[in-house]
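Chemist: Okay, handing you the structure first.
Residue numbers (mature numbering (1 follows the signal peptide of the UniProt record, and there is no 0)): -20 to -1, 1 to 126.
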């Protein structure tokens, strides 16, 4: 009888432990998604290249949780589209932008737009957002605007 009670207690404890462990990643994931969607993200780096431009023409992104839309600027043109998030995966879709003629930072604008099409994952820590390719390489590094 005592063996059955001990076995039952161990089974209950094991079940509680499994449920608790499984809910921690879900909670962390929800926190990460919330952080991702609470900021105006200003670009500070493309690949390993730091961006040294004025805030007015600095590329930025804003992710809207309500309709999973993304908006922002590539430093010249306004852009809008949608995104999907699952776990640490993110993908931008249906991105369209205005077509203004900009002579400043043209190479940066092209690199930014190309990088957005390759994004497959993200990492967010406090006020830093890293957008990664499928191999885990940092494509774009953002900081939350103040």
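C-beta atoms are modelled at their ideal positions from N, C-alpha and C, and glycine is treated no differently.
Considering Cα atoms alone, identify which of 94, 88 and 107 is closest to residue 113.
Modeler: That would be 94, whose Cα lies nearest to the Cα of residue 113.
Chemist: If I'm right that residue 58 touches residue 78 with Cβ under 8 Å, what's the distance once you round it to whole angstroms?
Modeler: That belief holds up - the Cβ atoms of residue 58 and residue 78 are roughly 5 Å apart, short of 8 Å.
Chemist: Would you mind sorting residue 96 into buried or exposed? The rule is 16 or more other CB atoms within 10 Å of its CB.
Modeler: Buried, since its Cβ has 16 or more Cβ neighbours within 10 Å.
Chemist: What do you get for residue 43, buried or exposed, if any count of 16 or more other CB atoms within 10 angstroms of its CB means buried?
Modeler: Per the 10 Å Cβ criterion, buried.
Chemist: Can you tell me where the alpha helix (DSSP H) holding residue 93 begins and where it ends?
Modeler: Element bounds for residue 93: 86 to 98.
Chemist: Under 7 Å Cβ to Cβ from residue 75, same chain only, skipping five residues before and after it: list those, please.
Modeler: Result list for residue 75: 59, 61 and 96, in chain order.
Chemist: Express the C-alpha separation of residue 66 and residue 24 in angstroms, rounding to a whole number.
Modeler: Their backbone Cα atoms lie some 25 Å apart in a straight line.
Chemist: Since residue 105 and residue 68 should fall inside the 8 Å C-beta cutoff, what is the C-beta to C-beta distance between them, to a whole number of angstroms?
Modeler: Actually they are not in contact, since the Cβ atoms of residue 105 and residue 68 sit about 12 Å apart, beyond 8 Å.
Chemist: Let me confirm a value: residue 115 is counted as buried when at least 16 other C-beta atoms fall within 10 Å, else exposed. Which label applies?
Modeler: Residue 115 should be labelled exposed.
Chemist: So, at 8 Å on beta carbons, what are the nonlocal neighbours of residue 88 in its own chain, with the 5 sequence-adjacent residues on each side left out?
Modeler: Only 26, 31, 33, 39 and 55 meet the Cβ criterion.
Chemist: Expressed to the nearest angstrom, what Euclidean distance is found between the alpha-carbon atoms of residue 140 and residue 108?
Modeler: Residue 140 cannot be examined here, being either before or after the span of the chain that is shown, -20 to 126.
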